[in-house]
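Chemist: I am attaching a structure below and will ask some questions about it afterwards.
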Amino acid sequence: MKIKPSHAVCVTNLFLSLYLFCGTAQGQDNRNSLSDPPATLKTVSAETYSSSLGNTDYPDAPQAQQASHDSAAEAAQGEGQQTKRILGIFPNFRAVSANVHLPPQTVKEKFLTATHDNFDYSSLFLPALVAGYNQATNNTPEFGQGAAGYGRYYWHAFVDQANENYFVEFIVPVITHEDTRYYTLGSGGFWKRTGYSLSRAIITRNDAGHDTFNISEVVGAGAAAGVSNLYYPSRERTFGNTADRWGQNIGIDAGTFLFHEFWPDINHALFHKKSTE
1051 MKIKPSHAVC VTNLFLSLYL FCGTAQGQDN RNSLSDPPAT LKTVSAETYS
1101 SSLGNTDYPD APQAQQASHD SAAEAAQGEG QQTKRILGIF PNFRAVSANV
1151 HLPPQTVKEK FLTATHDNFD YSSLFLPALV AGYNQATNNT PEFGQGAAGY
1201 GRYYWHAFVD QANENYFVEF IVPVITHEDT RYYTLGSGGF WKRTGYSLSR
1251 AIITRNDAGH DTFNISEVVG AGAAAGVSNL YYPSRERTFG NTADRWGQNI
1301 GIDAGTFLFH EFWPDINHAL FHKKSTE
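Numbering (our numbering), first residue to last: 1051 to 1327.
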């Protein structure tokens, strides 16, 4: 046994060692009992050493580590740290913070993502804006004007949104094994990040984590536009109108990606702290 006189714990170790030696000299020849005390000595030494420190060092270390983590998170707020909602209202469930690597989405996760986007309380707002724009431009004359006309525009826009979300976020990506989440770039110049975010409408990640053509967005949005012909007036079921809805679907999603990319910067500039929602 190596003795270290500089440590107070060695007094205890020396005492126990002498005790065991004397016990052996008196004829207690039990090899098992000889093998057990060293383990006990090790435990006692650790406990005694901890006691000698008064445990004063242990509470401080986690707190310092947590403070360092919080400081790092605070400093990184403008570098792609996403929140669950935008302005505490609009869903931001598909946005992934910069430099974060997640496991592949399961079929259940893709379904739940689409369902959350469709039936979250905030899902009422975008169709309201689309309906107002379409009515103002007289996009579908058959719907008419006034409150009744707006109501027709609204429920069509809402169903369009739900239809497109399920195709783009669930049905097609399950078939093509694509990731429906938006991975924030978070660094680089304005134009670099703008180009990256808008390109996500045609480029996405597959479940293996590699970039691939965004079949889910392009084909899914087109399929949703085609299905929408089932509930639009017969005169509106033309190729041109279907293509317009297809382009509108992709355009809205591209704009959403753009907003996802810069939301951490906006959030940091407005509130100067990380949202805890």
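In this text, a Cβ means the ideal position worked out from N, Cα and C, and glycines have one as well.
1. Can you tell me where the alpha helix (DSSP H) holding ASP1167 begins and where it ends?
2. Work out the CA separation of ASP1315 and SER1118 for me, nearest whole Å.
3. Does the beta-carbon of HIS1206 have 16 or more other beta-carbons within 10 angstroms, so that it is buried, or is it exposed?
4. My output table needs one value for ARG1255: the three-state DSSP class, helix, strand or coil.
5. Quick one: what does DSSP say ARG1243 is sitting in, helix, strand or coil?
6. Kindly list the residues whose CB is nearer than 6 Å to the CB of ILE1252, restricted to its own chain and excluding five residues on each side of it in sequence; keep chain order.
7. Relative to the alpha-carbon of PHE1217, which residue among PHE1312, VAL1269 and LYS1158 has its alpha-carbon at the smallest distance?
8. On the premise that GLU1228 lies in contact with ASN1256, defined as a C-beta separation below 8 Å, what is that separation, rounded to the nearest angstrom?
9. Going along the chain, which residues of its own chain have a beta-carbon closer than 8 Å to the beta-carbon of PHE1307, five neighbours each way excluded?
10. If we ignore side chains and look at the alpha-carbon of each, how far apart do ILE1139 and SER1172 end up?
11. Which residue's Cα is closest to the Cα of HIS1166: SER1147, ARG1135 and THR1190?
12. For the stretch 1273-1280 against the stretch 1293-1304, do three or more pairs of beta-carbon atoms, one drawn from each stretch, fall closer than 8 Å, so that the two count as touching?
13. With a threshold of 8 Å on Cβ separation, who are the neighbours of ARG1285 within its own chain once the five nearest residues in sequence on each side are excluded?
Modeler: Looking at the coordinates:
1. 1157-1169
2. Any reading at SER1118 is ruled out, since the residue's pLDDT is 40, under 50, leaving its predicted position unreliable.
3. buried
4. strand
5. helix
6. ASN1264
7. VAL1269
8. 5 Å
9. TYR1232, SER1247, LEU1248, ARG1250 and ALA1251
10. 6 Å
11. ARG1135
12. yes
13. GLU1192
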